[in-house]
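These protein sequence lines map, in sequence, to chains A and B.
Here the first sequence is numbered in the working numbering, starting from 1341 and rising by one per residue.
Here the second sequence is numbered in the working numbering, starting from 1341 and rising by one per residue.
Written below as structure tokens is the structure these notes are about.
2 protein chains.
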Amino acid sequence: MTNKKIIVIGGSATGPKAAAKARRMDEFAEITMFQKGPDLSMASCGFPYYVGGFFDDRNKLLCTPTGVVRDPKFYWNAKGIVARVNTEVTRIDRENKKVEFTNLETGETGSQEYDKLIIATGASPNMPPIPGVDLQGISTLQSMQDADYLRKVRDDGHIKKAVVIGGGLIGIETLEALHLAGIELTLVELLPQLLTFLDWKMAKLVENYLKTKANVITKNGVAEFVGENGKLTAVKLQNGTEIPCQLAVVAIGVRPNVKLAQDAGLKIGELGGIVTNEYMQTNDPDIYAAGDCCEVKNIISGKNVLAPYGDLANLQGRVIGENVIAGDIAKFPGTIQTGICKFFDYAVGITGLSEEKAKEAGFNYERVLNASPDKPGFMDGKLLITKLVVEHKTRRILGAQCLGPGDVSKQLAIWATAIKGNLTVDDMVNADLPYAPPFSLAIDHSIATAHIMENKLRGIFKGISSVDLKEKADRGDDMFILDARGADEYEQMRLGIGETLIPIGKLRERLHELPEDKNKEIITFCKISLRGYEAAVLLEAHGYTNVKILEGGIMAWPFDREK
Amino acid sequence: MTNKKIIVIGGSATGPKAAAKARRMDEFAEITMFQKGPDLSMASCGFPYYVGGFFDDRNKLLCTPTGVVRDPKFYWNAKGIVARVNTEVTRIDRENKKVEFTNLETGETGSQEYDKLIIATGASPNMPPIPGVDLQGISTLQSMQDADYLRKVRDDGHIKKAVVIGGGLIGIETLEALHLAGIELTLVELLPQLLTFLDWKMAKLVENYLKTKANVITKNGVAEFVGENGKLTAVKLQNGTEIPCQLAVVAIGVRPNVKLAQDAGLKIGELGGIVTNEYMQTNDPDIYAAGDCCEVKNIISGKNVLAPYGDLANLQGRVIGENVIAGDIAKFPGTIQTGICKFFDYAVGITGLSEEKAKEAGFNYERVLNASPDKPGFMDGKLLITKLVVEHKTRRILGAQCLGPGDVSKQLAIWATAIKGNLTVDDMVNADLPYAPPFSLAIDHSIATAHIMENKLRGIFKGISSVDLKEKADRGDDMFILDARGADEYEQMRLGIGETLIPIGKLRERLHELPEDKNKEIITFCKISLRGYEAAVLLEAHGYTNVKILEGGIMAWPFDREK
Ligand SMILES: Cc1cc2nc3c(=O)[nH]c(=O)nc-3n(C[C@H](O)[C@H](O)[C@H](O)COP(=O)(O)OP(=O)(O)OC[C@H]3O[C@@H](n4cnc5c(N)ncnc54)[C@H](O)[C@@H]3O)c2cc1C
Ligand SMILES: Cc1cc2nc3c(=O)[nH]c(=O)nc-3n(C[C@H](O)[C@H](O)[C@H](O)COP(=O)(O)OP(=O)(O)OC[C@H]3O[C@@H](n4cnc5c(N)ncnc54)[C@H](O)[C@@H]3O)c2cc1C
Ligand SMILES: CC(C)(COP(=O)(O)OP(=O)(O)OC[C@H]1O[C@@H](n2cnc3c(N)ncnc32)[C@H](O)[C@@H]1OP(=O)(O)O)[C@@H](O)C(=O)NCCC(=O)NCCS
Ligand SMILES: CC(C)(COP(=O)(O)OP(=O)(O)OC[C@H]1O[C@@H](n2cnc3c(N)ncnc32)[C@H](O)[C@@H]1OP(=O)(O)O)[C@@H](O)C(=O)NCCC(=O)NCCS
Ligand SMILES: [Ca+2]
Ligand SMILES: [Ca+2]
Chain A
1341 MTNKKIIVIG GSATGPKAAA KARRMDEFAE ITMFQKGPDL SMASCGFPYY
1391 VGGFFDDRNK LLCTPTGVVR DPKFYWNAKG IVARVNTEVT RIDRENKKVE
1441 FTNLETGETG SQEYDKLIIA TGASPNMPPI PGVDLQGIST LQSMQDADYL
1491 RKVRDDGHIK KAVVIGGGLI GIETLEALHL AGIELTLVEL LPQLLTFLDW
1541 KMAKLVENYL KTKANVITKN GVAEFVGENG KLTAVKLQNG TEIPCQLAVV
1591 AIGVRPNVKL AQDAGLKIGE LGGIVTNEYM QTNDPDIYAA GDCCEVKNII
1641 SGKNVLAPYG DLANLQGRVI GENVIAGDIA KFPGTIQTGI CKFFDYAVGI
1691 TGLSEEKAKE AGFNYERVLN ASPDKPGFMD GKLLITKLVV EHKTRRILGA
1741 QCLGPGDVSK QLAIWATAIK GNLTVDDMVN ADLPYAPPFS LAIDHSIATA
1791 HIMENKLRGI FKGISSVDLK EKADRGDDMF ILDARGADEY EQMRLGIGET
1841 LIPIGKLRER LHELPEDKNK EIITFCKISL RGYEAAVLLE AHGYTNVKIL
1891 EGGIMAWPFD REK
Chain B
1341 MTNKKIIVIG GSATGPKAAA KARRMDEFAE ITMFQKGPDL SMASCGFPYY
1391 VGGFFDDRNK LLCTPTGVVR DPKFYWNAKG IVARVNTEVT RIDRENKKVE
1441 FTNLETGETG SQEYDKLIIA TGASPNMPPI PGVDLQGIST LQSMQDADYL
1491 RKVRDDGHIK KAVVIGGGLI GIETLEALHL AGIELTLVEL LPQLLTFLDW
1541 KMAKLVENYL KTKANVITKN GVAEFVGENG KLTAVKLQNG TEIPCQLAVV
1591 AIGVRPNVKL AQDAGLKIGE LGGIVTNEYM QTNDPDIYAA GDCCEVKNII
1641 SGKNVLAPYG DLANLQGRVI GENVIAGDIA KFPGTIQTGI CKFFDYAVGI
1691 TGLSEEKAKE AGFNYERVLN ASPDKPGFMD GKLLITKLVV EHKTRRILGA
1741 QCLGPGDVSK QLAIWATAIK GNLTVDDMVN ADLPYAPPFS LAIDHSIATA
1791 HIMENKLRGI FKGISSVDLK EKADRGDDMF ILDARGADEY EQMRLGIGET
1841 LIPIGKLRER LHELPEDKNK EIITFCKISL RGYEAAVLLE AHGYTNVKIL
1891 EGGIMAWPFD REK
């Protein structure tokens, strides 16, 4: 019996993981990994933190936990894997089961046979099709070379103004990184909101916070890169504005690298990614593919999506490593598109479906907002704002978005696991989580979110969104708006949309100040709408028939305030 | 129709929550809450942090998030609840549906009728039945008064040496608090381990860390409190040792306060707590009980347990608040005994069953250890050690223990939610969690734990526990112990149990240094046993038949090391 020949195309995340797992499955397989660039196993997700100066040693992006750089020598010695860097695979010859390659340094070409082929070619950054893209000073943050370039920008300290184009995860992380380098920044986004995978209001809250650090422009694309002597001097927007700058980083999404696969006749999906089955196998049973070059099934909607995430890349690579050796034993179940992003001292993320996506997918859903702290005040608790979406009939969790300076990552991990377990609101209402004051409230933020949702589904919490309330206020609707906070709180901060202050503790004795017409529309709120909720419950008990609570209260109000 | 009369006995966590929820369910119910002590709504769980100086304002333990102290005035104004402090309920008269009470300040007595009664009397600290317990300088940390006393100890700064008796959660939190006050501390535990709800080794790792901060004595009880002029001067242990000290805090567990219930003929369980059904209803349908005074069902084992936790108290209180008004609409499903505790810059906790408990409950289980960081090295990742227990046949998660300076709280929250969802190892192997470098590794620690478990269940990871290896080494068993780390790592730190160093990157070329007898027992390891695992897989491929991996590697080795 001869040894199995395995070829891996791509040496960043998916490829090395598949190769390493294949090696553990079969010590005698002959495994070769081709990598176009000079580096292997780059922690791309760490680029923004290298650029931002969280650490200075470039090798930390490339090394094992004990500090050994994962270069071809490491791959050969520690993993028994041949890693060929600076070598591009130029063609897949399915008939003869071999790949052709070119050494990009020497120009040398060659070919090599496989029994099983793994495509892990990743994705490439999109560039806008506009004049000036070749000017010096325009970059992406996708490759190790990009990271080196932007890190040098930081170290040199010459550049004073930069523009980041694209308000997605990578755009926002890049914004933070360059801000930390002391550069004055503008973020430009073509669409009406940043982070388009979030619902509008959640994204707006992110935008509001980012505006405390940088200029943020939405609903405006880039029309032209303006330069002098081949160097970028400004970015010109579609509305004509020119933003002077010496650097522009483009982060308007990535597209799967599928040319090799496509040329070889492998199936490409509607979204432009390679299509695989749950074994991560393409339509050629000897060719597997995974990571950013592929489409993947969203478990909740059942539809294929592009989900270019490093965790999925690794997990899918591992599935392939098992299957290329042992036959199809491991399945990848799909994604719920869980993602998170740090920006300054905030974080934001999502798991499962947003309201927008739930609507698109045809779900009959309910949604709710919870603005409240992650920990007790005496332990310096920090705000979290969670938006939960559940299916109405089954009450199962469809998705959660969370943002704030609080512990967002834990909240999302809880909801992601709940979605995995098909949990309902009712399961979460009495969940048994690890409680101690340094880590959470006695009723964890996630459980409180479930409580509010339970109340809403039961009809005892009738919410109104800030968007709807703002619209009504702007229109001058006849309604009574009740702020249930204390007078001191009102002095410090208030919406200023015609509200009347009656502190919750005075409400029972001041009921006569409310409209005589018990059918009149009343909106209650407070800082987070907990007291707003109590006020609404109280008013309903006293016969008011049309009371709504401003969801998330002042903390989740995305518009300007009077104070 | 007359208003419903509701009486609540106990005004700390369960009682107020039940009362507050009942109010929201019925604005016109007459709700009275009796509280023996002077304070209401004390955040008992925050006592250690007040004593430890994390904050200085005592009111923070008693107030709403906006700073209003929850005193009788607050309860009346904001919640429409009559709160009678310093008033003890002395008898429940079930026949006439009333309670008798005594005002502890005035001596006045009275009685009051109820339609529904809620017992939330909590628990009292155990005291050892030994001489000297009445000496000045002996305290517990259970009541607000205890917290005041120990905080005064901190503020006065006179006390130099103290002993904490009992190595449970509260004992350890108290140890930290007093340590932060600059006091030299000794922790005394009667049993062979601290934190008895953990498995021995996990508890031992906690103990090892605590020993860097204080003296820790296990397997030794307190025999006597020694004093002079009515003041504590030393604690005498069962083995005769005397530990000089001016303060001793007893934290040897709590017992449910059930006298009232027992006298009224309500059912008390084998463990000494009030027994309720899932509506939190006692055997008298008009009397509900919850919180520390009750027993509660462990969802996994199906057996009743005592679970005196603040989160459960609140959740159960909420369930009662619904049921006393609306009839039995809400069920409390039980507990999985999830708990967590901070100690200095570490945390430790558990959810579900420990190995010991799984064994007791008759499960056929598998267990595994994962020692690895929570985040990438370049983001200053910190160690986590997780022990996972699963049922063998169904592969479902039974329990997880976690400790370390890393993000323990998130790990436990993930596993608690996984248990709630009846998830299996296989579900967790490809979980989709929120990944970005500031928050986790690309393969989150929890997922890596599932991977190792999958490998173990599949037979490709054959583990040996440190306890077993230590025993074998002490006994001088004939085995080959292989340390797969680098030479530099070996120089810095090593077990010194007769191991041979062969770095993983050299192993393939140095196979001849291994025993000729391929059936000889070989144990592999590294810092965390990742390279140890790779070495084992490699050796098995080369025909070695008896290779085991030291689970958790050096990081989880609980015994002394050579270096
Ligand atoms: C700045 C940044 C931040 C990110 N942050 C996060 C985050 O926080 N969380 C998260 O989940 N994800 C994040 N990601 C995404 C994550 O890095 C990717 O999902 C992951 O790297 C995908 O791995 P891959 O191996 O499939 O593709 P890639 O990493 O793109 O690797 C593919 C490799 O294949 C090589 N290649 C392509 N074609 C050929 C060929 N013909 N021959 C030889 N080699 C070839 C390429 O040169 C490349 O090195 C981030 C990405 C970036 C750029
Ligand atoms: C120091 C400390 C740290 C803790 N840390 C944590 C933690 O980190 N996480 C966690 O989950 N839990 C923790 N706990 C446990 C948590 O505080 C309890 O589970 C919770 O307080 C129980 O609430 P309860 O209302 O049922 O009982 P209790 O809080 O004990 O309240 C019962 C109240 O009833 C009163 N009472 C009793 N009998 C009568 C009567 N006859 N008439 C009138 N009043 C009466 C008592 O005086 C008492 O105020 C901690 C506890 C302590 C002491
Ligand atoms: C690291 C990389 C080379 C994969 O190699 P790998 O050998 O699979 O490395 P890992 O450390 O992930 O895991 C090794 C094995 O040890 C196991 N393991 C991990 N921790 C362990 C522990 N404490 N004890 C025992 N085994 C452990 C893992 O489960 C895995 O085994 P399995 O897959 O057979 O179950 C590849 O993921 C890579 O190049 N990553 C860097 C780039 C990247 O991920 N970028 C995207 C995100 S920024
Ligand atoms: C606080 C306490 C008085 C309970 O009173 P409460 O009115 O139920 O207070 P909470 O703040 O918990 O919740 C109020 C309501 O607002 C809801 N709520 C919370 N955050 C909200 C938000 N952002 N928007 C809308 N509603 C919100 C809750 O769901 C709850 O309603 P529900 O129970 O009807 O679903 C009681 O728990 C207590 O005394 N706690 C202190 C002591 C203690 O817990 N000790 C043990 C641990 S240290
Ligand atoms: Ca993810
Ligand atoms: Ca708990």
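All residues carry an ideal CB built from backbone N, CA and C; glycine is no exception.
As the structure is a computational prediction, the values presented were derived from the model and not from experiment.
TODO: Tell me, please, whether the stretch 1801–1808 of chain B touches the stretch 1882–1899 of chain B by the rule of three or more beta-carbon pairs shorter than 8 Å.
DONE: yes
- [ ] Would you kindly work out how many angstroms separate the C-alpha atoms of residue 1773(A) and residue 1353(A), rounded to a whole number?
- [x] 33 Å
- [ ] Ignoring anything shorter than 3 residues or poking outside the stretch 1486–1541 of chain B, list the beta strand (DSSP E) runs there in chain order.
- [x] 1501–1505, 1524–1528
Task: Minimum Cβ-Cβ distance from residue 1877(A) to chain B less than 8 Å - done: yes
Task: Closest by C-alpha distance to residue 1701(A), when choosing among 1433(A), 1708(A), 1692(A) - done: 1692(A)
Open item on the list: Once DSSP output is grouped into helix, strand and coil, what is the label at residue 1671(A)?
Closed with: coil
Task: Three-state secondary structure (DSSP) of residue 1621(A) - done: strand
TODO: Give a yes or no on whether 8 Å exceeds the smallest Cβ distance from residue 1549(A) to chain B.
DONE: no
Open item on the list: Please report the straight-line C-alpha distance between residue 1566(A) and residue 1573(A), rounded to a whole angstrom.
Closed with: 6 Å
Task: Bridge-paired residues (DSSP) for residue 1476(B) - done: 1571(B)
- [ ] Would you tell me roughly how many angstroms separate the C-alpha atoms of residue 1735(A) and residue 1602(A), rounded to the nearest one?
- [x] 42 Å
Task: Neighbour-count burial assignment, residue 1852(B), 16 or more Cβ in a 10 Å radius - done: exposed
Task: Residue environment, residue 1608(B), which counts as buried when at least 16 other CB atoms sit within 10 Å - done: buried
TODO: Determine the chain B residues that contact residue 1322(A) at a beta-carbon separation under 7 Å, and present them in chain order.
DONE: There is simply no residue 1322(A) to check, as chain A begins at 1341 and stops at 1903 in what is shown.
TODO: Check the Cβ of residue 1736(B) against every Cβ in chain A and list those closer than 8 Å, keeping chain order.
DONE: Those do not exist, as residue 1736(B) stays about 11 Å from chain A at its closest Cβ, beyond 8 Å.
Open item on the list: Against chain A, with Cβ distances strictly below 8 Å, would residue 1651(B) count as a contact?
Closed with: yes
Task: Residue-level contact to chain B via CB, residue 1829(A), 8 Å cutoff - done: yes
TODO: Could you check which residue in 1347(B), 1615(B), 1670(B), 1584(B) has the C-alpha nearest to that of residue 1451(B)?
DONE: 1347(B)
Open item on the list: Is the separation between the beta-carbon of residue 1462(B) and that of residue 1590(B) shorter than 8 Å?
Closed with: no
Task: Inter-residue Cα distance where the pair is residue 1418(B) and residue 1846(A) - done: 7 Å
TODO: On the DSSP bridge assignment, give the partners of residue 1595(A) in chain order.
DONE: 1464(A)
Task: Distance between residue 1387(A) and residue 1401(A) (C-alpha atoms, nearest Å) - done: 8 Å
Open item on the list: Let's see if you can read the secondary structure: which residues bound the alpha helix (DSSP H) around residue 1365(A)?
Closed with: 1354–1365
TODO: Assign residue 1790(A) to one of three DSSP states: helix, strand, or coil.
DONE: helix
- [ ] Kindly say whether residue 1373(B), judged by its beta-carbon, lies nearer than 8 Å to any beta-carbon of chain A.
- [x] no
- [ ] Could you tell me whether the stretch 1486–1496 of chain B touches the stretch 1656–1666 of chain B, where touching means 3 or more Cβ pairs closer than 8 Å?
- [x] no
Task: residue 1581(A) in three-state terms, based on DSSP - done: coil
TODO: Specify the secondary structure class of residue 1811(A) as computed by DSSP and reduced to three states.
DONE: helix
- [ ] Measure the CB-CB distance between residue 1638(B) and residue 1675(B) and report whether it falls below 8 Å.
- [x] yes
Open item on the list: Using the three-state DSSP reduction, which class does residue 1442(B) fall into: helix, strand or coil?
Closed with: strand
Open item on the list: Just to make sure I have the definition right: I need the residues of chain B whose C-beta is within less than 7 Å of the C-beta of residue 1778(A). Which are they?
Closed with: 1682
- [ ] Count the other CB atoms, across all protein chains shown, that sit within 10 Å of the CB of residue 1770(A); report buried if there are 16 or more and exposed otherwise.
- [x] buried
TODO: Mind checking the stretch 1700–1715 of chain B against chain A and listing, in chain order, the residues whose C-beta falls within less than 7 Å of any C-beta there?
DONE: 1713
- [ ] Indicate whether at least one CB of chain B lies closer than 8 Å to the CB of residue 1299(A).
- [x] Lying before the first or after the last residue shown, residue 1299(A) is absent from chain A, which here runs from 1341 to 1903.
Task: Status (buried if at least 16 other CB within 10 Å, exposed otherwise) for residue 1555(B) - done: exposed
Task: Proximal chain C residues relative to residue 1675(B), where beta-carbon distance stays under 8 Å - done: Chain labels in this structure do not include chain C; the protein chains are A and B.
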